Amino acid sequence: MSPGVDKEEIVRSMFSSIARRYDLTNTLLSFGLHRWWRSFAVRQLEISSGGRVIDVCSGTGDLAIGLAEAVGDLGKVTAVDFCGEMIEVGRGKIAARSIENRVEFVEANAEELPFPADYFDGAIMGFGARNVAHLDRAFGEMLRVIKPGARAVCLEFAGPSSGIFGHLYRFYLFEMLPLIGGFITGDIDSYKYLAESIDRFHRPEELKGMMEKIGFLDVHYFGLTGGVVTVHLGKKAR
């Protein structure tokens, strides 16, 4: 079995185990800031009412809910994830808001999106890039399925690299976050993985370079909350 397949199965199993408490843990560990981060990322897509957009690595659908507000009743959000348990939680949230007409969940791999080229008015990936086995393939698929001139957005953890805030952040990331996440979910290993995956992930300039190499144009990024997260934005050639 290849390393990519190994990672895929490990990540799917991990999210299956924490799906039911995933949203609560996100809110507590980010002090509620994840809602603002996601809202900012959605705005960067500049999706109009009636648009059709794809949320890659949607998880429990928080970004999809924000996108549903943007596209309105005439639009459609396709929320893609490869973990059935996360999708199940997401469908419950969509039903509770009575927006099933706006959001559809599809269980699929980000590296092989089952949609035609030039189909969506925009694509977004929130906190999924670290968990994809081959990120270049996932970015390539996002580029393929959006229309010429459309935008793609990637919201991901980065982490301040230096200074007092950087030291405090790393202490929280490696010491406090696994303890809190483990206490809430009963799965400390998943939150140790979270900390390690953030630490190992591409720096913002590296991620920008990857998107440019894939073929995105006008790639730039924003650092939020002192660089704890970044929002990368690129466009497809017209």
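Here my numbering is used: the first residue of the sequence shown is 207, the next is one more, and so on. Just so it is clear, CB atoms sit at the ideal spot from N, CA and C, and this is done for glycine as well. The structure presented is a predicted model; accordingly, all values stated were derived computationally and were not measured.
Three-state class that DSSP yields for residue i in the structure shown
i	result
Ala225	helix
His240	helix
Met220	helix
His426	strand
Lys213	helix
Met207	A caution first: Met207 carries a pLDDT of 35, below 50, which makes its placement in the model too unreliable to give a value.
Asp324	coil
Val351	helix
Gly346	helix
Buried versus exposed call for residue i [16 or more other C-beta atoms within 10 Å across all chains shown]
i	result
Lys442	buried
Asp424	exposed
Gly267	buried
Met207	With a pLDDT of only 35 at Met207, under the threshold of 50, the placement of this residue in the model should not be trusted; the figure read from the coordinates follows. So Met207 ends up on the exposed side.
Pro384	buried
Beta-carbon gap between residue i and residue j smaller than 7 Å
i	j	result
Ser222	Glu313	no
Asp393	Ile224	yes
Ala344	Val309	no
Asp324	Lys282	no
Ile300	Glu294	no
Gly332	Arg227	no
Asp178	Gly257	Nothing can be reported for residue 178: it is not among the residues displayed for the chain, which extend from 207 to 444.
Ala316	Val248	no
For residue j and residue i, believed in contact at Cβ under 8 Å, the rounded distance
i	j	result
Leu341	Met416	7 Å
Mind pulling the alpha helix (DSSP H) runs of 4 or more residues that sit fully within the region 256 to 321? 268 to 277 and 290 to 302
What residue ranges within the region 362 to 434 form continuous beta strand (DSSP E) runs of no fewer than 3 residues, ordered along the chain? 423 to 430
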